[in-house]
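Every position in the sequence shown, counted from 1, becomes a number in my numbering once 2 is added. The beta carbon of each residue, even a glycine, is placed where N, CA and C say it ideally should be.
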Amino acid sequence: MELQLDPLFQTITLVVLVLILVADLLIILKRPHIPAPKESTLWVVFYVTLALLFAGVLWIVGGGEVAGQFVAGWLTEYSLSIDNLFVFVLIMGQFSVPRRYQQEVLMVGIIIALILRGAFILVGATIIENFSPIFYLFGAFLIYTAIRQAFPGDDHDDDSQKENLIVRTLRRVLPMSDSYDGKKVITRVNGKKLFTPMIIVFVAIGVTDLLFAIDSIPAIFGITQSPFIVFTANLFALMGLRQLYFLLGDLLDRLKFLHYGIAFILAFIGVKLILHAMHVNELSFVNGGEPIEWAPEISTWVSLAVIVLSMAVATVASLIAARREPAPAGEAQDAAADVAHEKGTPSTVEQPERD
């Protein structure tokens, strides 16, 4: 279903949301600090409320289907963004990023993610518009990703080693200082300009964002084919992510079943995409190039219910299990390492050598 929204409304919306994001960034740059739990909670509540209010505006402007697609897409991207946090925990720990500067690092990561996802959204929308069988590929990819998410194996060792090689090579090629200089990327030591380890952190964050974008964009295109809804859902999912990082903190290690919930969502959307591809089939070697009439179209509201229930069950089960068996110290890093291994992101990079 092609959604029609006023181009002026879309433009104004994107301008307002970007201004909010810029204001958030300026606040961080002006006052770098470690946010208290109360502060983080208020910011997360603010951004969640803002997303729900935006869904209400979409309902008024475009109807219930538009609003439903946004909410389903936002929740999907939000759940995948929480998965991001596991790897962010690992990266911050591996590189010993000073806690008071972690907000800036996270915001840079969010900006990188928006740029990458924006590019993928444009490419994805163009491919979908001109090649509908791509839904078969998207669906198969998401089902494969779901299996890999639920049962991570050792098949990503080579990828992990390659990406670690990228990080190590960057450290060898660039003149690097032995320690951080606040939040600076470039510092001066004995009159010589050097990069600080912060540049390596940004590279690791960028690689992570790239790989997560590859997973998340096909997933949301399984819910809506509107580039505007796809981008705003991603934007709202990323807004407040840094505050969520500080709010969850040590609670991340207790969400031991979260990856099963995310895997189920990805598998469900993958099946939905394949059914949609069958319903609009144009491949000559499938049903003679004719649409497969019996293939059902799963509605937005069914998708929304599945997403909410999956995350709710995974979260509740995790909290119950955590209450029965308290998580040992350091398990957050282990959980982060598992996700990093599954994604093939840098997980064993060495600390910059100290004199």
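| Query | Result |
| --- | --- |
| Please name the residue or residues paired with L196 in a DSSP beta bridge. | T189 |
| Relative to the C-alpha of P39, which residue among L250, S320, L268 is closest? | L250 |
| Rounded to whole angstroms, what's the CA-CA distance from N86 to L44? Just pull it up for me. | 21 Å |
| Using the three-state DSSP reduction, which class does M280 fall into: helix, strand or coil? | helix |
| Please determine, among T210, A314, W296, the residue with the shortest C-alpha to C-alpha distance to V107. | T210 |
| Inspect the CB distances between the stretch 43-63 and the stretch 210-223 and report whether three or more fall short of 8 Å. | no |
| Since Q94 sits in a beta bridge, which residues does DSSP pair it with? | Residue 94 is actually Met in this sequence, not Gln. Paired residues: none, contrary to the question. |
| Report buried or exposed for L311, applying the criterion of at least 16 other Cβ atoms within 10 angstroms of its Cβ. | exposed |
| From L21 to P229, what distance separates their C-alpha atoms? | 20 Å |
| To which residues does DSSP link M178 through a beta bridge? | F197 |
| Count the other C-beta atoms from every protein chain shown that fall within 10 angstroms of the C-beta of D8, then say buried if there are 16 or more, exposed otherwise. | exposed |
| Measure the alpha-carbon distance for F259 versus L144 and round it to whole angstroms. | 19 Å |
| Distance check for P293 and V50, CA to CA, integer angstroms please. | 39 Å |
| Identify, in the order they occur along the chain, each residue of the same chain with its Cβ nearer than 7 Å to the Cβ of F11, setting aside the five sequence neighbours on each side. | V63 |
| Looking at the structure shown, is L257 part of a helix, part of a strand, or coil, going by DSSP? | coil |
| Output the distance between the C-alpha atoms of E131 and A324, rounded to the nearest integer angstrom. | 46 Å |
| Would you check if the distance between the CB atom of M109 and the CB atom of D183 is smaller than 9 Å? | no |
| In three-state DSSP terms, what is L144? | helix |
| Between which residues of its own chain and W76 is the CB-CB distance below 7 Å, once the five residues before and five after are set aside? | A53, A235, F238, A239 |
| Using CA atoms only, rank isn't needed, just tell me which of Q71, I36, A279, Y103 is closest to V359. | Within the shown structure, residues of the chain are numbered from 3 to 357, placing residue 359 beyond reach of any answer. |
| For G141, which of A319, P220, I93, S81 has the nearest alpha-carbon? | P220 |
| Alpha helix (DSSP H) containing S228: first to last residue? | S228 -> no alpha helix (DSSP H), and no H or E assigned at all. |
| For my contact list, L151 and H261 are in at a C-beta cut-off of 8 Å; report their separation, rounded to the angstrom. | In the sequence on display, residue 151 carries Gln and not Leu. Between H261 and Q151 the Cβ distance is about 5 Å, and since that is below 8 Å, they are a contact. |
| Where does P37 fall in DSSP's three states? | coil |
| Using the Cβ count rule (16 or more neighbours within 10 Å means buried), how would you classify R101? | exposed |
| Is it buried or exposed for P199, if we count other Cβ within 10 angstroms and need 16 for buried? | buried |
| Roughly how many whole angstroms lie between the Cα atoms of V91 and T128? | 35 Å |
| Taking the Cβ atom as the reference point for each residue, do A206 and Q96 lie within a distance shorter than 9 Å? | yes |
| Rank N283, G111, T317 by C-alpha distance to the C-alpha of M241 and give the top, closest one. | G111 |
| What are the uninterrupted segments assigned as alpha helix (DSSP H) that are 4 or more residues long and contained completely in the stretch 47-99, given in chain order? | 66-96 |
| Quick one: measure Cβ to Cβ for F233 and G120, integer angstroms, because I've assumed they're closer than 8 Å. | 6 Å |
| Less than 9 Å between the beta carbons of A297 and S134, yes or no? | no |
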